[in-house]
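Undergrad: Take the sequence shown: its letter number 205 is residue 415 in my numbering, and every next letter is one higher. Beta carbons are placed, not taken as given, at the ideal position from N, Cα and C, and that holds for glycine. Keep in mind that this is a model prediction, so the values were computed, not measured.
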Amino acid sequence: MIPRRYASLAGLVAGAAAVSAGMLLAALGGAASPIDSVGGEVIDRVPPWLKELAIQWFGTNDKLALQLGIVIILAAAATAAGLLAIGRRRLAMAAFAAFGLIGAAAAVHRPGAGWAAALPPLSGAALGAAVLARLVPTASAGPAETPGPSRAPLGWDRRRFLTTGGAAAAGAMVAGGLARSVDGRRVASIRQDIPTSLPPVTGPPVLIPAGAEVNPVTPFVTPNRDFYRIDTALSFPRIALDRWQVAISGLVDRPLTLTYDDLRRRPQVERVITLACVSNEVGGRYISNAVFQGVLLADVLNEAGVQAGAEQVFSTSVDGWTCGFPVAAALDGRDAMIALGMNGEALPLEHGFPARLVVPGLYGYVSATKWLKSIELTTWDGATGYWVPRGWAREAPIKTQSRIDVPRSGQTVAAGPARIAGVAWAQRRGIAEVEVRVDDGPWQEADLGDDVSDDAWRQWVIDWEATAGRHTIQVRATDRTGTTQTADRAAPAPDGATGYHTIEVTVA
Ligand SMILES: Nc1nc2c(c(=O)[nH]1)N[C@H]1C(S)=C(S)[C@@H](COP(=O)(O)O)O[C@H]1N2
Ligand SMILES: [Mo]
């Protein structure tokens with residue numbers, strides 16, 4: 211009989227063979243890897259509190275944590291199947307079949323996938339089961355009844371196990387590596403289609419005065435590589451630029467489709483817009499500011515002719531993510547756009563190449579569709595955005611907020627003259643005033659950086675004579691409607707966190 215530790219190793223090797231074969235077949239067929247399909251289904255189904263917890267624990271590494279979690283579960287299950295294979299072989303095979311079916315169901319259910327998507331996980335599972343069957347012989351197999359000269363346990367040949375198992379493990383590694391490189395080449399070829407320049411801007415270019423940046427640690431314009439990234443995509447969507455287009459349909463008089471070239475040929479505007487995630491905690495980093503270039507959404511919608519009954523601009527991404535915002539937000543004169551560029555470059559793949567929506571004043575989850583595929587004019591009852599049934603508000607204008615960047619909470623500051631600095635934002639309304647309070651002192655007005663746009667954040671700074679001891683520092687902003695942000699603490703769900711950003715520092 212095979213020793214238990216070898217049986218569990220056999221399970222692990224068989225599991226690795228199953229997963230890597232599934233990955234390779236999927237990659238060759240241009241489909242998402244089975245792990246990402248299952249991960250995608252998990253993301254779509256986790257209860258909101260668990261998603262919040264994952265973001266709190268892992269931040270923007272939450273996806274890596276999910277992929278690792280799936281691999282750990284699979285490894286544990288495969289090890290258990292290896293042990294089961296000793297006495298309860300059918301059960302072990304059934305375990306492989308079950309995981310194959312889970313993978314197949316997930317793959318078929320992914321947006322845009324067909325029945326063929328079931329093949330890679332099912333074939334992988336079948337291969338894994340076959341490997342396990344070979345590595346763990348049935349109790350009656352082999353010379354079990356005739357004791358031989360070998361010191362190997364009866365019915366089991368250690369040398370044969372090591373050669374077969376080693377070959378299977380090596381095969382799994384090669385297949386896994388190949389799968390990764392095939393998918394890497396897929397992504398590289400999308401990136402190769404990203405143009406190196408943008409069409410010239412038709413209107414006035416954005417000029418950012420040096421005086422906009424008074425915060426020593428936060429650039430006024432966030433470089434693309436530092437721009438926060440939030441999405442549900444475990445791998446980049448399959449963009450084929452030559453076939454890619456945006457369809458504008460629904461309650462319009464003249465439905466349109468626009469190719470990438472069509473969009474680049476239309477009049478281009480450039481605007482500074484601060485994008486914020488509704489999941490941003492008070493004081494959090496899920497907010498960034500960029501110069502976006504693109505086509506005004508209102509121009510496109512007016513060409514299509516929005517009908518009177520339309521209430522919602524509902525958009526869908528290439529990877530099947532959706533969101534919707536009021537028609538008014540596209541047509542009330544704000545600079546909602548189909549963006550093609552960001553900070554002078556074509557949109558990076560991470561931020562939605564070939565095109566995305568950017569709507570000033572609305573949280574990203576209701577407005578900022580990346581990898582845009584279609585825009586449908588509909589009613590509120592006609593369609594529901596991805597996050598709405600998951601406990602987030604249907605409409606979500608960005609709340610007036612402010613953040614302290616210097617000093618950092620918990621930092622030790624030298625006694626004497628110091629500076630406190632940060633950012634404040636109230637997209638669509640603009641920032642009128644920022645005040646800072648140390649301990650129980652009076653609220654003091656901070657100096658504001660130059661005003662660039664109501665739709666962008668504003669930097670602020672204030673001098674502080676730091677005295678020895680521990681201090682609490684708070685900030686609050688007032689927007690141009692005269693409303694001061696509320697002190698009431700609220701969690702991000704359902705429509706954005708509130709409360710004053712409060713930090714503690716030690717002055718020595
Ligand atoms: N296709 C797609 N677009 C998406 C999302 C997504 O999950 N998928 N997330 C939205 C959310 S919640 C936010 S906050 C913004 C973030 O945009 P960024 O990653 O470019 O900062 O994108 C929005 N657009
Ligand atoms: Mo978000």
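Would the beta-carbon of L485 be found less than 8 Å away from any heavy atom of ligand 1?
TA: Residue mapping note: residue 485 aligns to position 275 of the sequence shown, counting from 1. Yes; taking the cut-off as 8 Å, the Cβ of L485 has a heavy atom of ligand 1 nearer than that.
Undergrad: Assuming V479 and D545 are in contact, meaning their beta carbons sit under 8 Å apart, how far apart are those beta carbons, in whole angstroms?
TA: For the purposes of this step, residue 479 is identified with residue 269 of the sequence shown, where counting begins at 1. For the purposes of this step, residue 545 is identified with residue 335 of the sequence shown, where counting begins at 1. Their Cβ separation, rounded to whole angstroms, is 7 Å, which keeps V479 and D545 in contact under 8 Å.
Undergrad: Is N499 helix, strand or coil by DSSP?
TA: Along the sequence shown, read from residue 1 onward, the residue named residue 499 stands at position 289. Three-state DSSP puts N499 in a strand.
Undergrad: Can you tell me the Cα-Cα spacing of A354 and W366, whole angstroms?
TA: Counted from its first residue, the sequence shown places residue 354 at position 144. Counted from its first residue, the sequence shown places residue 366 at position 156. In this prediction, A354 scores a pLDDT of 46, lower than 50, which makes its location untrustworthy; no coordinate-derived value is stated.
Undergrad: By the three-class DSSP mapping on this structure, what secondary structure does Q266 have?
TA: For the purposes of this step, residue 266 is taken as residue 56 along the sequence shown, with counting starting at 1. In the structure shown, Q266 sits in a helix (DSSP, three-state: H, G or I).
Undergrad: Taking 8 Å as the limit between beta carbons, can you name the residues of its chain near G249, skipping five residues before and five after?
TA: Numbered from its first residue, the sequence shown carries residue 249 at position 39. Within the same chain, G249 has close Cβ partners K273, L276, Q277, I280, L444.
Undergrad: Let me check one thing: in DSSP terms, what residues is A242 bridge-paired to?
TA: Stepping through the sequence shown from its first residue, residue 242 is reached at position 32. According to DSSP, which records beta bridges pairwise, A242 is partnered with nothing at all.
Undergrad: Pick helix, strand or coil for F535, following the three-state DSSP scheme.
TA: Counted from its first residue, the sequence shown places residue 535 at position 325. Strand at F535.
Undergrad: Please classify Q266 as buried or exposed, where buried requires at least 16 neighbouring CB atoms within 10 angstroms.
TA: If you number the sequence shown from 1, residue 266 lands on position 56. Its Cβ having fewer than 16 others within 10 Å, Q266 is exposed.
Undergrad: Taking a contact to mean a Cβ-Cβ separation below 9 Å, would you say A687 touches I641 in this structure?
TA: Position 477 of the sequence shown, counted from the first residue, corresponds to residue 687. Position 431 of the sequence shown, counted from the first residue, corresponds to residue 641. Yes, these two residues count as a Cβ contact at 9 Å.
Undergrad: With which residues is I458 paired in a DSSP beta bridge?
TA: As a working mapping, residue 458 is identified with position 248 in the sequence shown. The partner list for I458 (beta bridge, DSSP) reads L466, I585.
Undergrad: State the CB to CB distance for the pair G504 and I548, rounded to an integer number of angstroms; the pair is presumed to be in contact (CB under 8 Å).
TA: Here residue 504 is taken as the residue at index 294 of the sequence shown, counted from 1. Here residue 548 is taken as the residue at index 338 of the sequence shown, counted from 1. The pair is a contact, with the Cβ atoms about 5 Å apart (cut-off 8 Å).
Undergrad: Tell me, please, which residues DSSP counts as bridged to M547.
TA: Position 337 of the sequence shown, counted from the first residue, corresponds to residue 547. L506, V568.
Undergrad: I'd like to know if the region 218-226 and the region 281-293 are in contact, where contact means that at least 3 CB-CB pairs between them fall below 8 Å.
TA: Yes, since at least three Cβ pairs between the region 218-226 and the region 281-293 fall closer than 8 Å, the two stretches touch.
Undergrad: Which two residues bound the contiguous alpha helix (DSSP H) that contains F371?
TA: Numbered from its first residue, the sequence shown carries residue 371 at position 161. Note, F371: alpha helix (DSSP H), 368-402.
Undergrad: Using only the alpha-carbon positions, how far apart do I212 and L345 sit?
TA: Taking the sequence shown and counting its residues from 1, the one referred to as residue 212 is at position 2. Taking the sequence shown and counting its residues from 1, the one referred to as residue 345 is at position 135. Going from the Cα of I212 to the Cα of L345 covers about 9 Å.
Undergrad: Which value, in whole angstroms, describes the spacing of the CA atoms of V623 and V715?
TA: If you number the sequence shown from 1, residue 623 lands on position 413. If you number the sequence shown from 1, residue 715 lands on position 505. Straight-line Cα distance between these residues: approximately 7 Å.
Undergrad: Please classify R215: is it buried, with 16 or more other beta-carbons within 10 angstroms of its beta-carbon, or exposed?
TA: Residue 215 sits at position 5 when you count from the first residue of the sequence shown. Exposed is the call here.
Undergrad: Whole-angstrom Cβ separation of L235 and S391, contact assumed at under 8 Å?
TA: Looking up residue 235 in the sequence shown gives position 25. Looking up residue 391 in the sequence shown gives position 181. In fact, because the Cβ distance is near 14 Å, the residues do not count as touching under 8 Å.
Undergrad: Using only alpha-carbon positions, find the residue among V256, G493, R255, P477 that is nearest to D615.
TA: The residue you call residue 615 lines up with position 405 of the sequence shown. It is G493 whose Cα lies nearest to the Cα of D615.
Undergrad: Judging by CA-CA distance, which residue of A514, L582, G574, A593 is the nearest neighbour of K609?
TA: Here residue 609 is taken as the residue at index 399 of the sequence shown, counted from 1. Considering only alpha carbons, the answer is G574.
Undergrad: I believe D665 touches T428 by the beta-carbon criterion, under 8 Å. Please report the beta-carbon distance rounded to the nearest angstrom.
TA: As a working mapping, residue 665 is identified with position 455 in the sequence shown. As a working mapping, residue 428 is identified with position 218 in the sequence shown. Not a contact, Cβ separation roughly 17 Å.
Undergrad: Any idea what DSSP makes of F437, helix, strand or coil?
TA: Taking the first residue of the sequence shown as position 1, residue 437 is located at position 227. DSSP places F437 in coil when its eight states are reduced to three.
Undergrad: Terminal residues of the continuous beta strand (DSSP E) containing T688?
TA: Taking the sequence shown and counting its residues from 1, the one referred to as residue 688 is at position 478. Counting along the chain, the beta strand (DSSP E) containing T688 begins and ends at 679-689.
Undergrad: Please state if the CB of S489 and the CB of G436 are separated by a distance shorter than 9 Å.
TA: Position 226 of the sequence shown, counted from the start, is the residue given in the question as residue 436. Position 279 of the sequence shown, counted from the start, is the residue given in the question as residue 489. Residue identity differs from the one stated: residue 436 is Asp in this sequence, not Gly. No, the Cβ-Cβ distance between D436 and S489 is not below 9 Å.
Undergrad: Among P321, W325, A305, which one has its Cα closest to the Cα of A314?
TA: The count along the sequence shown starts at 1 and reaches residue 314 at position 104. Of the listed residues, the one whose Cα sits closest to A314 is W325.
Undergrad: Indicate the three-state DSSP secondary structure (helix, strand or coil) for A700 in the structure shown.
TA: Locating residue 700 in the sequence shown gives position 490, where the first residue counts as 1. It is a strand residue.
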